[in-house]
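Residue numbers (full-length UniProt numbering): 1 to 694.
Okay, structure first, notes after.
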């Protein structure tokens with residue numbers, strides 16, 4: 001008999017297909033009766049299945065729920081050149097009947113249903129080794145806490161189920177957010193006490209990918225910071241948005257305790273944690289825009305506290321077992337531009353005329369391959385990423401230097417150069433004149449008619465330059481056309497290209513469609529360039545985030561010495577090291593001196609206790625919000641980072657930084673609507689079925 005768990009918001013049953021995470025247990029599918037779960041083998045399969053829903057929640061499908069729920073519509077990401085607009089623009093289609101809300105809700109409760117069933121069968125099992133049972137109990141309690149933490153972040157009050165639902169049930173009532181959060185903390189605390197630290201390779205019971213004491217400690221640090229932040233979330237301009245999270249006076253101290261333990265920092269240096277930061281920020285992503293290397297394998301080291309894993313066998317990545325080769329991690333397509341077939345023209349580059357770069361019929365020599373990627377551009381960065389006073393502005397550094405000069409994360413997170421991988425046509429040097437000025441190739445030692453580049457050379461280059469500062473005369477479009485005439489590649493200075501409205505977001509020379517793509521998910525292991533399904537694991541929790549949580553908690557407590565010490569561990573890793581060569585942008589576009597190209601920026605990156613102590617409380621919140629942003633850009637946490645401090649904080653940041661979202665966003669968007677499908681099936685009705693504003 002096929003095993004069914006009755007899903008919380010549906011009267012009909014859903015099949016529970018048990019498949020292990022990629023690095024532990026044999027990857028087998030099970031179609032069995034309940035008796036199987038009375039065996040130790042069955043319990044192990046059931047525990048492994050509890051991890052499965054993370055795949056559907058975060059990485060698989062046309063536009064993964066993860067970028068819709070966590071990135072699109074925040075201060076850092078908006079709509080791209082392709083894809084839906086409701087979440088980016090907060091339109092009326094963002095309502096309880098939108099299937100996206102029910103899909104995400106379903107995935108969370110599906111995972112909770114598995115953990116509840118697993119805990120029941122584990123408790124009844126008498127065959128398993130007692131120590132191993134403790135570990136498996138800890139894993140499931142961690143996962144239940146994890147799923148509920150996501151639910152309260154997005155939906156607030158929600159049904160709290162701690163037992164299996166094994167018959168049609170319709171009488172679900174939303175529990176207050178503070179009660180669900182208290183359960184998150186209780187489960188995560190149990191998990192912390194039951195689970196071992198991962199070993200130096202990141203393994204638990206010889207398996208990579210299982211939850212560990214480090215994962216539980218990280219979740220606890222986040223949960224306590226979330227509860228402490230009731231200080232701001234509880235006092236909103238609209239009283240309907242005041243949040244009661246059940247805050248306690250010890251929350252900040254507990255956040256410090258658990259974060260310190262995971263980081264083995266200060267008084268908790270002897271915690272037993274073996275977690276360490278990767279040596280270089282690039283080690284985490286293992287992707288070189290020129291070679292696709294250095295290795296086809298995921299980083300699997302001690303910085304990773306918890307990850308959603310994907311298998312190199314697509315059969316085991318599918319949520320739907322009938323949809324072969326349609327699973328896997330699709331995030332590699334979502335955050336990158338469509339570099340192939342770039343139209344090399346500048347609208348109004350000569351008065352009202354469109355300027356063709358080198359003559360009719362030119363091609364860039366950049367075609368789709370495993371390195372260039374398949375750019376679906378479902379989301380694009382807001383200008384806050386690359387503006388002079390944006391995310392990397394000098395205000396975030398004690399040295400008062402711009403991050404583009406000293407913070408390697410800006411360049412190590414994005415593809416700033418696409419290399420020629422096919423024969424270009426008509427890319428020759430030519431003279432050019434317009435109202436901005438005149439250019440002749442001989443001015444820079446080049447010959448008219450000679451090709452600007454060939455295979456293996458930079459073909460498309462992005463920068464943060466504002467060409468308005470390069471020339472005195474002409475419009476921005478004319479200055480852009482002249483700047484492009486002077487460069488040995490197709491040049492895209494982000495502060496100088498078009499900022500189109502929604503109707504023109506498909507403009508290939510506009511910021512919604514053309515941008516330095518996020519490289520963190522790019523995957524050259526796919527079978528072909530058109531393959532949608534990738535293999536990369538998704539890193540849910542990283543130690544760098546734990547350090548930033550710790551630094552922020554210390555700062556809010558007024559201990560700026562420890563705050564600076566914790567943050568500087570992350571900042572030192574983010575700096576350029578001595579003899580490490582920075583990209584040529586450093587001296588060509590960013591204002592750096594060429595003789596400093598290989599000099600260390602470690603000291604420039606450090607913060608001091610005095611630097612932090614001069615900040616007001618509001619400035620501390622914004623400073624650390626954006627430190628998370630620099631370290632964790634695109635890692636599917638931004639919405640939670642914004643709403644932690646309440647609806648007003650969330651709305652203000654989005655209005656300041658996202659011009660497309662600003663007109664429509666309202667304070668009630670801090671929470672998602674409860675799915676109408678869930679509400680319609682309730683009997684009796686929930687007296688508090690829906691969030692305010694929907």
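Each residue gets a CB set at the ideal place from its N, CA and C atoms; glycine is no exception.
**Study point:** Assigned exposure category for residue 159 - 16 Cβ within 10 Å defines buried
**Key:** buried
Review point. So who's on the other strand from residue 434, going by DSSP bridges?
Key: 437
Check your understanding: Closest to residue 104 by CA distance: which of 92, 90 and 66 is it?
Key -> 66
Practice item. Take every Cβ of the stretch 501-511, pair it with every Cβ of the stretch 620-636, and state whether three or more of those distances are shorter than 8 angstroms. Key: By the Cβ criterion, the stretch 501-511 is not in contact with the stretch 620-636, since fewer than three pairs of Cβ atoms, one from each stretch, lie closer than 8 angstroms.
Exercise for review: Within the same chain, show all residues whose beta-carbon is closer than 7 angstroms to that of residue 21, passing over the 5 residues directly before and after it, in chain order.
Suggested key: Legend: pLDDT at residue 21 = 36, less than 50; position of this residue unreliable, value from coordinates given subsequently. So the list reads 48, 51, 209 and 309, once near-sequence residues are dropped.
Review point. To which residues of the same chain is residue 467 closer than 6 angstroms at the C-beta, ignoring the five residues directly before and after it?
Key: Cβ within range, chain order: 479, 480, 483, 493 and 496.
**Study point:** Collapsed DSSP secondary structure at residue 678 in the structure displayed
**Key:** The answer is helix: DSSP assigns residue 678 an H, G or I state.
Practice item. May I have the straight-line CA-CA distance separating residue 93 from residue 199, to the nearest angstrom? Key: 47 angstroms
Check your understanding: Which value, in whole angstroms, describes the spacing of the CA atoms of residue 629 and residue 410?
Key -> 11 angstroms
Exercise for review: Identify which residue in 134, 154, 111 and 132 has its Cα closest to the Cα of residue 162.
Suggested key: 111
Review point. In the structure shown, what three-state DSSP assignment does residue 517 receive?
Key: Annotated three-state conformation of residue 517 is coil, per DSSP.
Exercise for review: State yes or no: is the C-beta of residue 262 within less than 8 angstroms of the C-beta of residue 518?
Suggested key: No, Cβ-Cβ distance for residue 262 and residue 518 is not below 8 angstroms.
Check your understanding: Alpha carbon to alpha carbon, what distance is there between residue 86 and residue 419?
Key -> Looking at the two C-alpha atoms, the distance is approximately 34 angstroms.
Point to revise | Beta-carbon contacts of residue 178 that lie in its chain and below 6 angstroms, excluding the five residues immediately before and after | key: 244, 245 and 246
Point to revise | When 364, 406 and 181 are compared against residue 593, the one with the closest alpha-carbon | key: The shortest Cα separation from residue 593 among 364, 406 and 181 belongs to 406.
Check your understanding: Are there 16 or more other CB atoms within 10 angstroms of the CB of residue 524, so buried, or fewer, so exposed?
Key -> buried
Practice item. Quickly, what does DSSP pair residue 313 with across the bridge? List them, please. Key: Looking at the DSSP assignment, residue 313 forms no beta bridge with any residue, so it has no partner.
Practice item. Please name the residue in 678, 120, 368 and 150 whose C-alpha comes closest to that of residue 644. Key: 150
Check your understanding: Helix, strand or coil: which one does DSSP assign to residue 273?
Key -> coil
Practice item. Please specify which runs of the alpha helix (DSSP H), each continuous and at least 4 residues long, are wholly inside the stretch 527-580, giving them in chain order. Key: 543-557 and 560-574
Review point. In angstroms, rounded to a whole number, what distance separates the CA positions of residue 227 and residue 182?
Key: Going by the C-alpha atoms only, they are around 9 angstroms apart.
Check your understanding: From the DSSP output, which residues share a beta bridge with residue 463?
Key -> 493
Point to revise | Cβ-based neighbour list, residue 500, same chain, cut-off 8 angstroms, excluding 5 preceding and 5 following | key: 507, 510, 511 and 512
Review point. Using DSSP with H/G/I as helix, E/B as strand and the rest coil, what is residue 414?
Key: Strand at residue 414.
**Study point:** Start-to-end residues for the beta strand (DSSP E) that takes in residue 153
**Key:** Where residue 153 is concerned, there is no enclosing beta strand (DSSP E), although the alpha helix (DSSP H) it sits in stretches over 130-155.
Review point. Taking C-alpha atoms, which residue in 34, 536 and 602 lies nearest to residue 297?
Key: 536
Exercise for review: Compute the Euclidean distance between the alpha carbons of residue 389 and residue 404, then round it to the nearest angstrom.
Suggested key: Straight-line Cα distance between these residues: approximately 11 angstroms.
Check your understanding: Just curious, the alpha helix (DSSP H) that residue 102 is in, first and last residue?
Key -> 99-124
Check your understanding: If you draw a straight line from the alpha carbon of residue 521 to that of residue 126, how long is it in whole angstroms?
Key -> 43 angstroms
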